[in-house]
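Chemist:
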Amino acid sequence: MTRRFEANFDITLRHDRSYLEWRYADPAGGFFRTLLATIDGRTAGMAVVRTYNNDGTRYMDIIDLMADLERPKVAQALVAKAVAMAESEHVTGVQAWIPSDHPFVPTLQRTGFIPRTPLGHERKLTMFGRPIGRDAELSNIFQRRCLKAHIMLGDSDWV
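So the sequence shown is numbered by the working numbering: it starts at 13 and just counts up by one.
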């Protein structure tokens, strides 16, 4: 499932089993919960969530989300499950950091998410890339006006 998903993007981290275990299952990295969606016994999608408590306010981040892009209901079900978990745990809000042109944006909007512009005092996430060596293909990818990227909060050091 992960290789098929990743093939839809110009740039993304490799989400193989060893990466996912290192990133989300090691207790030293924090407490994450993984949601899986299956169809006919095969994994069709996954979401990773993390709940925070900031000065008495509880919120949840959807840290990572991958799903079969040809089956939008898979991603929608994973997001709905994350929201249901948040509601049952009395979390005040759920957020997902994702490129504004990502294929999952309509899914998030259908499940009640609204775009939020960072406030003046908040950090803004900007992607920079620098090809090393003479890799012309990578240089061309970084210079595309419409770079298809799958980057979420779990791909950063902000969690």
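Idealized CB from N, CA, C, for every residue including glycine.
What does the Cβ neighbour count give for R35, buried or exposed, with the cut at 16 atoms within 10 Å?
Modeler: To locate residue 35, count along the sequence shown from 1; it is residue 23. So R35 counts as buried.
Chemist: Closest to D167 by CA distance: which of H27, H102, D22, F17 is it?
Modeler: Taking the sequence shown and counting its residues from 1, one reaches residue 167 at position 155. Minimum Cα distance to D167 is reached at H27.
Chemist: Alpha carbon to alpha carbon, how far is S30 from V91?
Modeler: Translated into the one-based positions of the sequence shown, residue 30 becomes position 18. Translated into the one-based positions of the sequence shown, residue 91 becomes position 79. For S30 and V91, the distance between alpha carbons rounds to 24 Å.
Chemist: If you follow the alpha helix (DSSP H) that L25 is in, where does it begin and where does it stop?
Modeler: Within the sequence shown, the letter at position 13 stands for residue 25. Taken as a continuous stretch (DSSP letters only), L25 belongs to no alpha helix (DSSP H), as it is neither H nor E.
Chemist: Do the segment 77-91 and the segment 41-57 meet, that is, are 3 or more Cβ pairs less than 8 Å apart?
Modeler: yes
Chemist: Nearest to D22 by alpha carbon, out of G42, D113, L48?
Modeler: Locating residue 22 in the sequence shown gives position 10, where the first residue counts as 1. Comparing Cα-Cα distances from D22 to each of G42, D113, L48, the minimum goes to D113.
Chemist: Cβ atoms of T24 and H133: under 9 Å apart, would you say?
Modeler: One-based indexing of the sequence shown puts residue 133 at position 121. One-based indexing of the sequence shown puts residue 24 at position 12. Not closer than 9 Å, so no.
Chemist: Just verifying my parser: in three-state terms, what is the DSSP assignment at G41?
Modeler: Here residue 41 refers to the residue found at position 29 of the sequence shown. In the structure shown, the three-state DSSP call for G41 is helix.
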